[in-house]
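Input: a single structure, listed below in C-alpha cells.
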Amino acid sequence: MRDSSQWKSTAYRTHTIGQIVENGFELLGKEVIIAGYAETIRGRGAICFLMLRDGTGNIQAFLKKDNMDEEIFNSIQNSTRESTIQVKGVVAQKRPPKTDDGVPPPPEYEINVTYGSILANAAAPLPVGVTDDVHVGLDVRLDNRHLDLRRSHVNAMFQLRSKVLEYGREHLIGEGFMEMNSPKIIASASEGGTNLFPMMYFDTPAFLSQSPQLYKQLAVLGGLERVFEIGPAFRAEKHDTYRHLNEFISFDIEGAWMDDEDVMGVQERMIHHIWSCVAKKDQLLIDIINEYRVSQGHEEIIVNIPSLPFPRISYCDAIKIVKSGGGEIEWGDDIESNHCDIIAAEYPGFHFLPRWPMSMKPFYIHHKEDEKGSTGGQLSRGFDLNYGRDEMTSGGQREHRVEVLEQNLKNMGLNPDDFSFYTDGFRYGAPPHAGWGLGVARLLMVLTGAGNVREVVLFPRDRSRVTP
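Letter 28 of the sequence shown, counting from 1, is numbered 36 in this note's numbering, and no numbers are missing.
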C-alpha cells in the first residue's frame with residue numbers, strides 16, 4: 009500500500025510491515041519489532057497464526073507457546089480482531105504452496121514471534137466490517153469513519169487524495185504560482201452572495217468564508233502576480249445531493265496579466281499532470297480500489313490521461329447541442345444537470361463551457377463589449393469545467409476596472425456602496441487578472457468512481473452532519 013521505504017524506526021516498531029514484505033530477503037533471520045491491527049487470529053492450543061495489518065501492508069506472525077511467555081501467548085491467541093498488537097520476532101520465509109505448473113510463487117515472509125504485547129483491545133462486535141463484506145449504509149460508515157478507513161479500498165482512496173493534493177501543488181508551483189493562505193473568518197461576503205454561515209467573532213458579527221476570491225485578487229493587486237491556495241470554503245446552501253457539501257477543499261488560483269483562456273490552460277495542464285502522475289506512480293492504489301469495485305459488480309476504473317487541450321464548448325454552442333438532443337432550453341437559461349447529460353453524450357470527459365451570458369455571472373466577471381450572444385445578449389469571460397454531467401470548476405477573467413465593477417453592480421440592481429469592501433481594492437491601479445476554484449473531492453470522484461462526494465471526504469460536513 010503506502011511506500012514506507014524511508015520510514016524510520018519508532019518507539020513501537022523497528023520496521024513497517026511494508027518494509028518487511030518488500031525487503032524480506034535482506035531481513036531473513038534478523039529480529040524485528042512490528043505493530044498493527046489483528047486482522048485474523050487462527051489456531052488453538054500450542055500454535056497461533058496472527059495476521060497483522062498496518063498502513064503499509066499485512067503479514068503473518070507465527071506464535072508458538074514453547075517459544076514465548078505462556079501468558080502473553082494466551083492473551084494474543086484470545087484477543088479480538090482489530091486489537092492493536094506489537095510483536096517481536098525473527099523474519100522467516102513462508103513455505104511456498106504447491107502449484108499445478110511446478111513454478112514456485114514469489115517468496116512471502118512471516119515473523120516467528122518470541123515476544124508480544126496487546127497495546128489496546130478492540131471491543132466486539134465491530135460496528136462496521138473491516139475485512140468482512142458487511143453491508144451497512146453510508147451514514148453508519150461515516151459515523152465510524154475511523155473503522156471504515158481501515159478497509160483497504162477506503163484507505164487507498166484517501167492515500168490517492170493525498171497524492172492529488174501533492175501533484176496539483178507540484179504543478180502550480182512549477183508554473184510559477186506561490187502558495188498563500190486567506191482568512192476563513194470574514195466580515196462580509198467575498199462573492200456578494202448570501203449563502204453564508206454567520207458567527208460571532210468576540211463581539212463582532214462575522215461569517216465563515218465562502219471563497220478565497222477577494223483575498224486572491226488583493227494578493228495579485230499587491231504584486232504577488234501568481235498565487236494559489238488549497239484550503240476550505242463554506243457554503244450555507246441547503247443542498248442534499250451526491251456532489252454537494254457545505255464545507256469543501258478546493259484548489260484556487262489567481263494570475264495577473266492573464267485572461268480566461270490563460271487560466272483554463274493552467275487548469276487543464278494541472279489535471280493532465282495529476283492524471284499522468286497517478287497513472288505512472290499510483291496504479292497499486294487504483295488496483296486496490298478496483299478489486300473492491302469488481303467484487304461489488306462495478307466496472308474497473310481506468311486512469312485515462314486526458315488529451316490537451318480540453319474541448320471548449322461555448323455557452324451558445326452548448327444551447328444548440330442541448331436543443332438538437334431534444335432538451336428544452338433557451339438562450340439565457342441555466343444549463344441544468346439534464347442538459348449536461350445531453351452534452352456529456354458527445355463530450356463524456358473533461359470539457360470547458362466558456363462565454364456565459366454576463367447576466368448569469370457575478371458582477372466581478374470581465375466582459376468585452378463587442379462579444380454578444382446569438383440573441384444580442386452580452387457575453388462574459390466566465391467559464392465552467394465539467395466532467396461528463398458534473399461541474400468541476402467555476403472561474404473566469406475578473407473585471408479590473410473599478411468604474412466597470414460599480415456599473416456592473418448597478419446593472420444587477422445592487423448598490424455599489426454595499427460592496428466597497430471589494431471595489432476599494434481596485435481604485436489604485438489593477439492588472440487584468442483571472443482565476444478559478446476546483447473542488448478536490450470532485451476530482452477524486454472521477455479518479456475513484458465514487459458515486460457520492462462523501463466517499464472521498466474524510467469527515468464530510470453536510471446539512472445533517474457535524475460529527476465526527
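Built from N, CA and C at the ideal position, the CB exists for glycine as well.
Let me check understanding here. Comparing Cα to Cα, which of the options lies closest to residue i?
i: D278; options: V172, F429, Y300; result: The question names Asp, but residue 278 is Met in the sequence shown. For the residues V172, F429, Y300, the minimum Cα distance to M278 belongs to V172.
i: W339; options: G110, S190, K380; result: K380
i: R455; options: S284, H247, T48, G305; result: In the sequence as presented, Arg is not what sits at residue 455; that position holds Leu. The shortest Cα separation from L455 among S284, H247, T48, G305 belongs to S284.
i: A438; options: R409, N298, D270, H247; result: R409
i: Q101; options: N31, M76, I42, Q386; result: N31
i: D11; options: Q291, A214, E116; result: Q291
i: A442; options: A264, V95, R159; result: A264
i: Y45; options: N66, H281, E34, A54; result: N66
i: K246; options: T18, S13, R473; result: R473
i: D325; options: Y355, E299, S303; result: Y355
i: F210; options: N203, Q225, L204, I194; result: I194
i: D141; options: E174, Q304, F70, F242; result: Q304
i: I309; options: P319, L293, F318; result: L293
i: G230; options: P440, V330, L393, S17; result: P440
i: R301; options: S332, P114, H161; result: H161
i: E39; options: G53, V95, T48; result: V95
i: G5; options: K72, K73, E47, D74; result: Outside the shown range of the chain, which is 9 to 476, sits residue 5, and nothing can be said about it.
i: P176; options: R243, P476, T22, V286; result: According to the sequence displayed, residue 176 carries Gly and not Pro. For the residues R243, P476, T22, V286, the minimum Cα distance to G176 belongs to V286.
i: K243; options: F429, S258, H281; result: First, the residue type needs correcting, since residue 243 is Arg and not Lys in the sequence shown. Answer by Cα proximity: S258.
Which same chain residues end up closer than 7 Å to residue i when comparing Cβ atoms and leaving out the 5 residues on each side of it in sequence?
i: I126; result: S83, I84, S87, S91, I93
i: L413; result: F371, Y372, E407, T431, F434
i: D342; result: M368
i: K192; result: L216, S217, P240
i: V144; result: V136
i: R397; result: S345, C348, D349, A352
i: V464; result: M165, R169, A449, L452, M453, T456, A458
i: H280; result: I313, P314, L316
Check whether the Cβ atoms of residue i and residue j lie closer than 8 Å to each other.
i: R251; j: R103; result: no
i: R7; j: A130; result: The chain is shown from 9 up to 476; residue 7 falls before or after that span and cannot be answered.
i: I25; j: A164; result: no
i: G445; j: G403; result: yes
i: L168; j: L134; result: no
i: L146; j: R462; result: yes
i: V148; j: N120; result: no
i: Y123; j: M76; result: yes
i: I55; j: I42; result: no
i: F205; j: G447; result: no
i: R159; j: L466; result: no
i: E183; j: V274; result: yes
i: E118; j: F81; result: no
Give the C-beta separation of residue i and residue j to the nearest angstrom, bearing in mind that I take them to be a contact with Cβ-Cβ under 8 Å.
i: H359; j: I321; result: 6 Å
i: P220; j: D267; result: No, P220 and D267 are not in contact; Cβ-Cβ is about 20 Å, not under 8 Å.
i: M186; j: V235; result: 6 Å
i: M272; j: F391; result: 6 Å
i: R469; j: L253; result: 6 Å
i: R471; j: D151; result: No, R471 and D151 are not in contact; Cβ-Cβ is about 16 Å, not under 8 Å.
i: L417; j: N394; result: Not quite, the Cβ-Cβ distance comes to about 29 Å (not below 8 Å), so this is no contact.
What is the DSSP secondary structure of residue i, reduced to helix, strand or coil?
i: Q14; result: coil
i: G239; result: strand
i: K38; result: coil
i: M188; result: coil
i: M266; result: coil
i: P133; result: coil
i: D325; result: helix
i: M420; result: coil
i: H441; result: strand
i: D62; result: strand
i: T122; result: strand
i: N152; result: coil
i: S402; result: strand
i: V474; result: coil
i: A458; result: coil
i: Y436; result: coil
i: Q225; result: helix
i: G390; result: strand
i: T24; result: coil
i: M207; result: strand
i: H161; result: helix
Mind checking if residue i is an interface residue toward chain D, Cβ cutoff 8 Å exclusive?
i: K418; result: No chain D is part of this structure, which consists of one protein chain only.
Going along the chain, which residues of its own chain have a beta-carbon closer than 6 Å to the beta-carbon of residue i, five neighbours each way excluded?
i: T383; result: W339
i: G51; result: F57
i: A128; result: T92
i: P112; result: P104
i: N460; result: Y250
i: Y223; result: S190
i: Y323; result: R363, W364
i: L387; result: R363, E379, G381
Starting from the C-beta of residue i, find all residues in its chain whose C-beta is less than 8 Å away, skip the five residues before and the five after it, and write them out in chain order.
i: D270; result: G263, A442
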